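Residue numbers (full-length UniProt numbering), protein chains in the order written: chain A, 1 to 525; chain B, 1 to 525.
First up is the structure itself, then whatever we jot down about it.
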């Protein structure tokens, strides 16, 4: 027993020493990083411009171009080097609206809370409302020839629940423990789509395109009390952003208003609506751009530490938490690093490269375009890498943030066990900021997947959930007011430290084995 | 000790017997009432017409007239007698809108979430936005001559909090115990208005009326995530509903949008807004109407049990919880009583009289008009009773409901201790429906105060709070979807039983002492 105990003690000691010995933490740098990141944060100032002034930032829209110019100028003014745009595409056409209103004219007048789906064309008119209660192709036939010039309702009534539980949450011990104990992730099985349902949906949308109703309305699939979740218009085939594609005007209505309209139809009460959407298709060359900016390295300057977030957003608010928050934190991390380098005189060994991606909302398109240019050859028409380019070997890590405004509570390893002791050591100094959970688990849906797919260590941080999925993610309420400045400052501080520590260590970060030509994890949201 | 114990036991027994003996509960009638009220409820059907079809019901508006006609017809169809309108007034002019939209045109385009305040006149135009940072009359002078054709912001930035606590609540033991233990209420002291602030506000509004800005914007004083609280327009002197009064167009903007506009001004970023409000003043005779309907009594038919709720609402939703809920419950209680009388053959001894009031939102005007016609002479230009009319003696009680969609958890006695044992006996059979708390306390702000002020026992029920004050009361989200059918059915059932028991007992309900010419409790909301 005693010998065993001794052995155990030795092992523990060895373990800690190993971490301490191998994984240096530069406390002096961290002190300066904290000063600029926590005490002199500019996060809310950056976020304010990015959202209130340069929001929303729909990919392909003129406002995204303005936001891009603003960000480039900011980064140059701060002292970032090699600030430039890298194009990717073709994306398809852009879209912006210059007027939108919807009104109900019968039984009484009321302004309808609704939003156009992105890429809906201009439309103006008044019409009756028809509820298409159809779930088979036979059902569809009944409506043939009857939809022209009408407003079409496609959704059933959704019951609204009051807010009996808080919308906004922070992690607690239980939720963090779940992440800490997450097993090595296994690839998710592909969804088994219901082909019958898919064929029905295609038939439905073909019919819509033939019949030319004035507008198709659905209700926000979640949200209530004035919060409406909206994304892009759909088509029977192809994508609504495809050049010259004819798109049926589509709108998402606040659930309370959608339900009111549908209930009145079911009562036999006539409902009339008026819509006026003025929208233009933009960006005829169909090419989009990521923003790239660097802090040059020194002795290992050919090796690169990347950090970034997607800069684009949906269109009904200002893209504050999705993903003004992530873009703000990454720009602020760059600013903190510039200030820290200036103050400390310590220059990064590897080059630090900030990337603000676009086209993320349509399927990680900007980061995938970047990967195509820099890291891998892909099978034609896919994002399945077939061979790796030399640059792939030079990227030590990519750090991403895209889960709202909540502060960092730790990091997801994406199944890369070998980085666990390194990240634990780097998180240790931020224990007082509540960031100390390391999860073997994956998190999906955003641009770190692009890196993971080509064998570059790509990570997202564990964030406080806040009201992200309940209220702001892809909603008309994704506005500046739902950002938390303290949380953004904390995240920028920790990420700046992670980036600098990744740049300063002797080795690049350990990689997972990468099996070439293996299908990538599916991206998009 | 033993004798004392015996005495105590006797007293307790006497007490219970007294209640049981004096205060009959008709269980057979209650069984039938429950069948019609709980198992065969029509509450949601009534509420649906009252809100989705005939909402909103702003006093003076044509839609209120339509709603009134619908309610009259329903009540007649069900078999209510003496269904008629009783006019009160003059109220002032009515108002309705036939188009409203607001857009932001710079720095980018976005549709603004906003609502006109009721009685705002038509206005159409595009203009710059000015923040009036003024708190003294000297501050005002700086803006003189600079406001014409502009949009004026009057409010500061309001910080938005996420929903960390539930919005909707039901009572728990603790909150009910607080009500059960409430002391006999004492009159509230009159608010000590800050006369300086008042004089500043008057000067501010006079300046607005002189300068003729395009519109005055404030932010919703509470609410967020798309919920906007809006009521009526104000003036420097007089009321915006006064005939021929010139009103400056006024709008309430969702806090996130208001803050965005103001933050951009503070950043030096130009903001341009466009507004188009088409509104008409209606109701040139300025007279309004309460809806009255009766179920005739038998041997005591000259005595009356009244029950009612206000039927009018504000204008940005459909007046579902304020006070479609109360009006629905009272109409449904009438329907339950008609069915119960038909099925049981038991006719009420006293006459049952339903009243649906209007003008409540402007200061209990409809019920006060009714009191003026039936119950008291008031001092000129006031609602201070100076002498009582004979009818006042004939009203046994008035039951009111106006605190949203929540079910009944008990009743407020309004300081009338003598009714406590009676109400306790009547609530006892509804213990399984969670309605058993009797509070000596007051509840204010609505039409039972009118009765209390003229010495007629007037009561409101204790209701579940639900999301009433957090989300729906005077907001754009006061829609049908925020009603709870089960709660409305429970309330109608219990109130039907209370009304019937009040009609059947030998005596009228005991009254509090009434001191004539005592100023009435202040009403309005």
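Glycine residues also receive a C-beta, built at the ideal position from the N, C-alpha and C atoms.
Keep in mind that this is a model prediction, so the values were computed, not measured.
Reduced DSSP secondary structure (H/G/I, E/B, other) of residue i
i: residue 57 (chain A); result: coil
i: residue 218 (chain B); result: strand
i: residue 414 (chain B); result: coil
i: residue 514 (chain B); result: coil
i: residue 269 (chain A); result: coil
i: residue 92 (chain A); result: coil
i: residue 212 (chain B); result: coil
i: residue 135 (chain B); result: coil
i: residue 145 (chain B); result: coil
i: residue 492 (chain B); result: helix
i: residue 440 (chain B); result: coil
i: residue 372 (chain A); result: helix
i: residue 281 (chain A); result: strand
i: residue 320 (chain B); result: helix
i: residue 43 (chain B); result: helix
Bridge partners - residue i, DSSP secondary structure assignment
i: residue 85 (chain A); result: A:291
i: residue 103 (chain A); result: A:111, A:274
i: residue 308 (chain B); result: B:355, B:400
i: residue 300 (chain A); result: A:350
i: residue 395 (chain A); result: A:304
i: residue 128 (chain B); result: B:272
i: residue 460 (chain A); result: A:400
i: residue 123 (chain B); result: B:277
i: residue 408 (chain A); result: A:463
i: residue 200 (chain B); result: DSSP lists no partner for residue 200 (chain B).
Of the residues the options, the one placed nearest residue i, counting alpha carbons only
i: residue 218 (chain A); options: A:297, A:513, A:457, A:260; result: A:260
i: residue 239 (chain B); options: B:170, B:504, B:363; result: B:363
i: residue 276 (chain A); options: A:126, A:506, A:474; result: A:126
i: residue 311 (chain B); options: B:69, B:28, B:30; result: B:69
i: residue 458 (chain A); options: A:510, A:466, A:135, A:448; result: A:448
i: residue 100 (chain B); options: A:360, A:175, A:107, A:111; result: A:111
i: residue 25 (chain B); options: B:91, B:428, B:89, B:273; result: B:428
i: residue 43 (chain A); options: A:493, A:121, A:230; result: A:493
i: residue 258 (chain B); options: B:314, B:220, B:389, B:180; result: B:220
Nearest-angstrom Cα separation, counted from residue j out to residue i
i: residue 58 (chain B); j: residue 224 (chain B); result: 24 Å
i: residue 491 (chain B); j: residue 472 (chain B); result: 19 Å
i: residue 403 (chain A); j: residue 322 (chain A); result: 7 Å
i: residue 113 (chain A); j: residue 433 (chain A); result: 40 Å
i: residue 158 (chain A); j: residue 252 (chain A); result: 13 Å
i: residue 521 (chain B); j: residue 187 (chain B); result: Reliability of the predicted coordinates at residue 521 (chain B) is poor, the pLDDT of 43 falling under 50, and no value is obtained from them.
i: residue 18 (chain A); j: residue 425 (chain A); result: For residue 18 (chain A), the predicted model reports a pLDDT of 42, less than 50, meaning its position is unreliable and no value from the coordinates is stated.
i: residue 104 (chain A); j: residue 222 (chain B); result: 26 Å
i: residue 85 (chain B); j: residue 334 (chain B); result: 17 Å
i: residue 514 (chain B); j: residue 476 (chain B); result: 40 Å
i: residue 339 (chain B); j: residue 81 (chain B); result: 14 Å
i: residue 74 (chain A); j: residue 328 (chain A); result: 12 Å
i: residue 270 (chain B); j: residue 419 (chain A); result: 49 Å
i: residue 45 (chain B); j: residue 489 (chain B); result: 11 Å
i: residue 195 (chain A); j: residue 206 (chain A); result: 16 Å
i: residue 168 (chain A); j: residue 503 (chain B); result: 50 Å
i: residue 150 (chain B); j: residue 76 (chain B); result: 52 Å
i: residue 571 (chain A); j: residue 67 (chain A); result: A question about residue 571 (chain A) goes unanswered here, because the residues of chain A that appear run from 1 up to 525.
Residue i: contacting residues in chain E (beta-carbon distance under 8 Å)
i: residue 43 (chain A); result: Protein chains in the displayed structure are A and B, and chain E is not among them.
Proximity test, residue i beta-carbon vs the ligand ATP heavy atom, cut-off 7 Å
i: residue 398 (chain B); result: Ligands in the displayed structure: none, and consequently the ligand ATP is not present.
Inset, instruction - Could you tell me whether the region 444–459 of chain B touches the region 383–391 of chain B, using the rule of 3 or more Cβ pairs below 8 Å? - result: Touching, per the Cβ criterion.
Legend entry - Touching by the beta-carbon criterion (3+ pairs, under 8 Å), the region 343–357 of chain B and the region 25–37 of chain B: With a cut-off of 8 Å on Cβ pairs, the region 343–357 of chain B is in contact with the region 25–37 of chain B, counting three or more such pairs.
Inset, instruction - Pair every Cβ in the region 263–283 of chain A with every Cβ in the region 297–317 of chain A, then say whether three or more of these pairs are closer than 8 Å. - result: Taking a contact to require three or more Cβ pairs closer than 8 Å, the region 263–283 of chain A and the region 297–317 of chain A do not qualify as touching.
Legend entry - Cβ contact check for the region 89–108 of chain A and the region 241–258 of chain A: 3 or more pairs under 8 Å: Flag = yes, the region 89–108 of chain A and the region 241–258 of chain A touch.
Legend entry - Segment contact, 8 Å Cβ cut-off, at least three pairs: the region 270–284 of chain B with the region 479–486 of chain B: No contact exists between the region 270–284 of chain B and the region 479–486 of chain B.
Inset, instruction - Assess, as a yes-or-no matter, whether the region 198–215 of chain A is touched by the region 127–140 of chain A under the definition of 3 or more beta carbon pairs within less than 8 Å. - result: Contact between the region 127–140 of chain A and the region 198–215 of chain A is present, because at least three Cβ pairs lie under 8 Å.
Legend entry - Inter-stretch contact at 8 Å, needing at least 3 Cβ pairs: the region 391–402 of chain A / the region 495–510 of chain A: The region 391–402 of chain A makes contact with the region 495–510 of chain A; the number of CB pairs closer than 8 Å reaches 3 or more.
Inset, instruction - Could you tell me whether the region 348–361 of chain A touches the region 295–303 of chain A, where touching means 3 or more Cβ pairs closer than 8 Å? - result: The region 348–361 of chain A is in contact with the region 295–303 of chain A.
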